[in-house]
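K.L.:
So in this note's numbering, the last one in the sequence shown is 892, and the numbering has no gaps at all. Dropping the structure in here first, questions after.
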Amino acid sequence: MVADPRTLKIRRAEFLFGAPSLATIRKQTLPEIAIVGRSNVGKSTFINRIAGRKLARVSGNPGSTRELNFYQIEGECRDTPFAVTLVDMPGFGFAKLSKEQREEIAMLSVDYLRERSQVRAVVLLNDCRREPQADELSIQGLCASEGISCLIVLTKFDTLRQNEKPKALKSVAAGYNLEKDDILYTGEGISPEAIWERLIAIV
Ligand SMILES: Nc1nc2c(ncn2[C@@H]2O[C@H](COP(=O)(O)OP(=O)(O)OP(=O)(O)O)[C@@H](O)[C@H]2O)c(=O)[nH]1
Ligand SMILES: [Mg+2]
């Protein structure tokens, strides 16, 4: 069913700042939702989709984001007002970076999730064509130990044939030890409104 677009209103969506280190993250009080996932999985595309406009740079050039990028989003979803900060995290696992660069990126993300008190949720993006690997599972585990909600969202669902979709949902969900109804997917089907509804319930 196509959602009624009038039930989601985005009143403000803007880039706040980029932070190459924990020390450079500015003070602000809104709840933060971190968008996490492998390089090129579709983090920036996801942010643009739920913000309803082009905010984050989508790149055919994986590994281009090395900072934490903060975006403030305010609006109303089914008459519930919300104001949050989305944090576009640098993608992990990009093979062309050196081991040191990859470790630096991983450390920045892990430190942020451990130390930033207003992180309420992680949206962990997972390409629907890949089962979760050690990196994804360690983020899921970190969220559990830090008491942060972790919402799994499959990306690029539109690239699958109709008959491949149920199997992909099932096998990725099983990889995270979840039921298929626990995970969302983008690329088609799930509206920005449905995603905000889940996020607002968490923050
Ligand atoms: N078909 C399809 N392509 C997508 C989808 N999401 C992202 N892409 C494409 O995947 C590529 C990478 O998307 P980005 O949003 O830049 O990915 P990212 O995770 O932000 O990448 P890094 O910042 O480099 O880690 C782009 O070419 C996007 O157009 C999707 O749901 N479906
Ligand atoms: Mg990006």
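Don't be surprised by glycine CBs; every beta carbon is placed ideally from N, CA and C.
For Phe783, which three-state DSSP category applies?
P.N.:
To locate residue 783, count along the sequence shown from 1; it is residue 94. It is coil, neither helix nor strand.
K.L.:
Can you tell me whether Ser798 is buried or exposed, with buried defined as 16 or more other CB within 10 angstroms of its CB?
P.N.:
For the purposes of this step, residue 798 is taken as the residue at position 109 of the sequence shown. Ser798 comes out buried.
K.L.:
May I ask whether a heavy atom of ligand 1 can be found less than 7 Å away from the beta carbon of Lys845?
P.N.:
As a first step, residue 845 is located in the sequence shown; it is residue number 156 there, counting from the start. With a cutoff of 7 Å, Lys845 counts as near ligand 1, since its C-beta is closer than that to a heavy atom of the ligand.
K.L.:
Would you please verify whether the beta carbon of Leu849 is less than 8 Å from any beta carbon of chain D?
P.N.:
No chain D appears in the structure shown, which is made up of a single protein chain.
K.L.:
Is the closest heavy atom of ligand 2 to the C-beta of Asp777 under 7 Å?
P.N.:
Against the sequence shown, residue 777 aligns to sequence position 88. At least one heavy atom of ligand 2 is nearer than 7 Å to the Cβ of Asp777, so yes.
K.L.:
Taking the DSSP output, what are the residues bridged to Asn815?
P.N.:
Numbered from 1 along the sequence shown, position 126 holds the residue referred to as residue 815. Answer is Leu843.
K.L.:
On the CB-based measure, 16 or more other CB atoms within 10 Å of its CB, does Pro779 come out buried or exposed?
P.N.:
Working through the sequence shown from its first residue, we reach residue 779 at position 90. Around the Cβ of Pro779, a 10 Å sphere holds 16 or more other Cβ atoms; the residue is buried.
K.L.:
Would Leu888 pass as a contact of Ala810 if the rule is Cβ separation under 8 Å?
P.N.:
Counting from one through the sequence shown, the residue named residue 888 turns up at place 199. Counting from one through the sequence shown, the residue named residue 810 turns up at place 121. In contact: Leu888 and Ala810 (Cβ atoms closer than 8 Å).
K.L.:
Using only CA atoms, which one of Gln807, Val892, Arg742, Trp885 lies nearest to Thr636?
P.N.:
In the structure displayed, the chain extends from 690 to 892; residue 636 sits before or after that span and is not available.
K.L.:
Please report the straight-line C-alpha distance between Ile739 and Leu843, rounded to a whole angstrom.
P.N.:
The sequence position of residue 739 within the sequence shown is 50, counting from 1. The sequence position of residue 843 within the sequence shown is 154, counting from 1. Near 14 Å, if we compare the C-alpha coordinates of Leu843 and Ile739.
K.L.:
Tell me the residue span of the alpha helix (DSSP H) that contains Val650.
P.N.:
Look at the range of the chain in this structure, 690 to 892, and you will see that residue 650 is not part of it.
K.L.:
Quick check: does the Cβ of Ser733 come within less than 7 Å of any heavy atom belonging to ligand 1?
P.N.:
Taking the first residue of the sequence shown as 1, we reach residue 733 at position 44. Within the cutoff, so yes.
K.L.:
Need the endpoints of the alpha helix (DSSP H) that Gly830 sits in, please.
P.N.:
Taking the first residue of the sequence shown as position 1, residue 830 is located at position 141. Looking at the DSSP string, the run of the alpha helix (DSSP H) that includes Gly830 is 823–835.
K.L.:
Spell out the partners DSSP gives Gln790 in its beta bridges.
P.N.:
For the purposes of this step, residue 790 is taken as the residue at position 101 of the sequence shown. According to DSSP, which records beta bridges pairwise, Gln790 is partnered with nothing at all.
K.L.:
Return the CA-CA distance between Asn852 and Pro881, expressed in angstroms with no decimal places.
P.N.:
Translated into positions along the sequence shown, residue 852 becomes position 163. Translated into positions along the sequence shown, residue 881 becomes position 192. C-alpha separation (whole angstroms): 24 Å.
K.L.:
Given that a residue counts as buried once 16 or more other Cβ atoms are within 10 Å of its Cβ, and exposed if not, what is Val730?
P.N.:
For the purposes of this step, residue 730 is taken as residue 41 along the sequence shown, with counting starting at 1. Buried.
K.L.:
Between Arg700 and the rest of its own chain, which residues show a CB-CB distance below 6 Å, the 5 nearest in sequence each way excluded?
P.N.:
By 1-based counting over the sequence shown, the position of residue 700 is 11. Correct list, in chain order: Glu763, Gly764.
K.L.:
Which term fits Phe774, buried or exposed, when burial requires 16 or more other beta carbons within 10 angstroms of its beta carbon?
P.N.:
In the sequence shown, the residue the question calls residue 774 occupies position 85. One detail in the question is off: residue 774 reads as Thr in this sequence, not Phe. Under this definition Thr774 is a buried residue.
K.L.:
From Cys766 to Lys698, what distance separates their C-alpha atoms?
P.N.:
Walking along the sequence shown from the start, residue 766 turns up at place 77. Walking along the sequence shown from the start, residue 698 turns up at place 9. Each residue's alpha carbon lies about 6 Å from the other.
K.L.:
How long is the line joining the alpha carbons of Arg727 and Ala708, rounded to whole angstroms?
P.N.:
Looking up residue 727 in the sequence shown gives position 38. Looking up residue 708 in the sequence shown gives position 19. Straight-line Cα distance between these residues: approximately 19 Å.
K.L.:
Please confirm whether Leu711 and Asp824 have their CB atoms less than 8 Å apart.
P.N.:
The residue you call residue 711 lines up with position 22 of the sequence shown. The residue you call residue 824 lines up with position 135 of the sequence shown. Inclusion of Leu711 and Asp824 in the CB contact set at 8 Å is not warranted, their separation being larger than that value.
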